Structures are given as C-alpha cells and as structure tokens.
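The structure appears below as structure tokens.
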Amino acid sequence: MGTKKKQLSNFNLFKSISDKEKGFTLIEAVFALLILILSLSLVSTAVQQLDLIHQQMVKNNQLEWHLFLNQFEYEASRTIFQTTDGKKAEFKKYNEESKKLETISYFKMKDKEVLIRQVDGKGYQPMLLNVQQLSYTVKNRILYLSVDFNNQEHYKGLVRLKIAEQPQEAENE
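Read left to right, the sequence shown gives residues 13 to 185 (my numbering).
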C-alpha cells in the first residue's frame, strides 16, 4: 500500500495545493459560470430581438407599399395617363379650381432613395421611402410597377389606366 501512495503522489492531479498557490475557489468558479450563462442568454435575446426588428421592417415595407399602391391607383383612376420612360410616369388632370390642365409625375430622385409625386414639376410629396430602384412598364392599358427596396425586398404591382384616345384620321374614299 505504501508503494501505491508513492505512485499516486507522482501525479500532479493528486498533489495538494499549498496556501501560497493561486487558484479558483468554488464560489469564484460558480460566479464565473453564472456570468457565462448570463452572457449567453443576453446574446440569445439580442438575436431574437434582431429577428423581430427585421420582421417589423418587412411588415412596414409591405404596409408602405400597399398604401402607395392604393394612392397611386386612386390617382390613376381620376387622371389620364400620358407617358412613361420606365423611370417616370406622368398623368394629366383638369383642376377645377385653377381651370388648368395639370401634369402629375411620379419618379425616383437620382440622389435620394425616395419616390416622389410632383404637380406641374413643383412640390415634393414623398410616396415611398428607401427605394433602391423603380421601373414602370405599360402594356394593354395596364401600368406595371416594380420597386426594389434597400433591404433587398422586391414588390410588383399593376394599375389599370385611362389613356387618352388618339384621334383617328378620316379616310377619304
């Protein structure tokens, strides 16, 4: 049995630690473990909050898009579509108060990430924010809108148009 004690004492694992050597006490180890658990739970909560914020931003963009589309469709139903170059859509409307024909334009400003509405080239009415790219296409009296937002979301919509009838030339027979 004496030889076994000598063999065990050779291992550092079984050596006793003197009072002069520094080490963790049980309370310090529990405290360090508690701090680690709190840190991990804080990181987990932060990740959950980031996901919730992203979901709210998606809902906000959807709400903003549908509100814009409703306003745009209402405007298109009360005006006559004139032209689009793919980046700008123009409508004409007779103003009862001023007794003038107004041009209403929807376009994305080059230096800003906002789609605006102007009347006769004046004013600044933001209709959509955080717009990266905007395009209009007309086919068979339907205006197709395509919008890319800054957060990589993409929305498409379509609006029926009133288009001014082109006068047909009378045929002489």
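The beta carbon of each residue, even a glycine, is placed where N, CA and C say it ideally should be.
This one's a predicted model, so the numbers in the text were calculated from it and none came from an experiment.
{"Query": "Sheet register partners of residue 80 (DSSP bridge)", "Result": "According to DSSP, which records beta bridges pairwise, residue 80 is partnered with nothing at all."}
{"Query": "Residues near residue 184 in its chain [Cβ-Cβ closer than 8 Å; skip 5 each side]", "Result": "With a pLDDT of only 40 at residue 184, under 50, the local geometry of the prediction cannot be trusted, and no value is derived from it."}
{"Query": "Those residues which DSSP pairs with residue 107 across a bridge", "Result": "112"}
{"Query": "DSSP-derived helix/strand/coil call for residue 139", "Result": "strand"}
{"Query": "Candidates 112, 110, 131, 75, of which the one nearest residue 119 by Cα", "Result": "131"}
{"Query": "Residue 155 versus residue 170: straight-line alpha-carbon distance, rounded", "Result": "6 Å"}
{"Query": "Inter-residue Cα distance where the pair is residue 164 and residue 53", "Result": "30 Å"}
{"Query": "Segment contact, 8 Å Cβ cut-off, at least three pairs: the stretch 143 to 152 with the stretch 101 to 120", "Result": "yes"}
{"Query": "C-alpha gap between residue 111 and residue 166, whole angstroms", "Result": "40 Å"}
{"Query": "Residues of its chain near residue 142, where Cβ-Cβ distance is below 6 Å and the 5 sequence neighbours each way are ignored", "Result": "125, 161, 162"}
{"Query": "Alpha-carbon to alpha-carbon, residue 74 and residue 158", "Result": "14 Å"}
{"Query": "Unbroken beta strand (DSSP E) run spanning residue 175, endpoints", "Result": "From DSSP, residue 175 is part of no beta strand (DSSP E); its letter is neither H nor E."}
{"Query": "For residue 52, three-class secondary structure by DSSP", "Result": "helix"}
{"Query": "Nearest-angstrom Cα separation, counted from residue 83 out to residue 101", "Result": "14 Å"}
{"Query": "Length of the line joining the Cα atoms of residue 76 and residue 86", "Result": "15 Å"}
{"Query": "Best match in 90, 72, 60 for proximity to residue 173 [C-alpha to C-alpha]", "Result": "90"}
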